[in-house]
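In my numbering, the protein residues as written are 2 to 132.
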C-alpha cells in the first residue's frame, strides 16, 4: 500500500542537525534577539553577570545557505570565535532582559536590583551602558 511505502521512505531518511557555535564564557541564563530587518543581533546574559551583545547575522546566513559543510549522516557544528559587539557588567547574575523594538535598546535587571540600559548609535558599532 502507499502508506507502507511512505513509511519505509521516511525510515531511510536520517534527521540532520546543523549549528554554529559561538564561544561564551560561563553558562547562559537568558538570550534575547533584536528584531531588525537583515540582521540578527543577540544579547546573552551569563552566570558571571556579563551581558554580551553579538551580531550573529553571518552565522544565520551560513546556516541558511548550509555553508558549514556538506550534508552527512552526522550532525554538523561549526565553531566560531567572535568578539562581542559590547559587554555590560552587572554585579550579580540576572534574568530580566528584553529589547525595546522602538528604540533598539536593551534593558537588563539583576538579582541585586540593578537595572542597566544598553543602547547603540544606530550603526551597531558604538554601544553605551547606563545605570
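Ideal Cβ positions, reconstructed from N, Cα and C, are used throughout, including at glycine. Computed from a prediction, not measured in an experiment: that's the story for all the values here.
Residues bridged to residue i [DSSP beta-bridge criterion]
| i | result |
| --- | --- |
| residue 66 | Answer by DSSP bridge pairing: none, since residue 66 is not bridged. |
| residue 78 | 20 |
| residue 93 | Note: residue 93 sits in no beta bridge, so no partner. |
| residue 98 | 109 |
| residue 47 | 29 |
| residue 122 | According to DSSP, which records beta bridges pairwise, residue 122 is partnered with nothing at all. |
Span separating the alpha-carbon of residue i from that of residue j
| i | j | result |
| --- | --- | --- |
| residue 131 | residue 80 | 32 angstroms |
| residue 88 | residue 66 | 29 angstroms |
| residue 39 | residue 58 | 8 angstroms |
| residue 113 | residue 26 | 21 angstroms |
| residue 121 | residue 95 | 22 angstroms |
| residue 104 | residue 51 | 22 angstroms |
| residue 48 | residue 37 | 27 angstroms |
| residue 115 | residue 34 | 22 angstroms |
| residue 111 | residue 46 | 10 angstroms |
| residue 138 | residue 123 | Past the boundaries of the shown model lies residue 138; the chain is included only from 2 to 132, so the question cannot be answered. |
| residue 90 | residue 82 | 21 angstroms |
| residue 129 | residue 24 | 23 angstroms |
| residue 44 | residue 117 | 13 angstroms |
Nearest neighbour of residue i, chosen from the options [CA to CA]
| i | options | result |
| --- | --- | --- |
| residue 1 | 122, 121, 112 and 20 | Absent from the model: residue 1. The displayed extent of the chain is 2 to 132, so no value can be given. |
| residue 127 | 112, 56, 114 and 92 | 56 |
| residue 29 | 54, 36 and 41 | 54 |
| residue 32 | 129, 99 and 123 | 99 |
| residue 22 | 78, 90 and 52 | 78 |
| residue 60 | 42, 52, 49 and 47 | 42 |
| residue 86 | 49, 125 and 117 | 125 |
| residue 18 | 45, 48, 24 and 64 | 64 |
Distance between beta carbons of residue j and residue i, contact taken as under 8 angstroms
| i | j | result |
| --- | --- | --- |
| residue 97 | residue 109 | 6 angstroms |
| residue 119 | residue 101 | In fact, because the Cβ distance is near 10 angstroms, the residues do not count as touching under 8 angstroms. |
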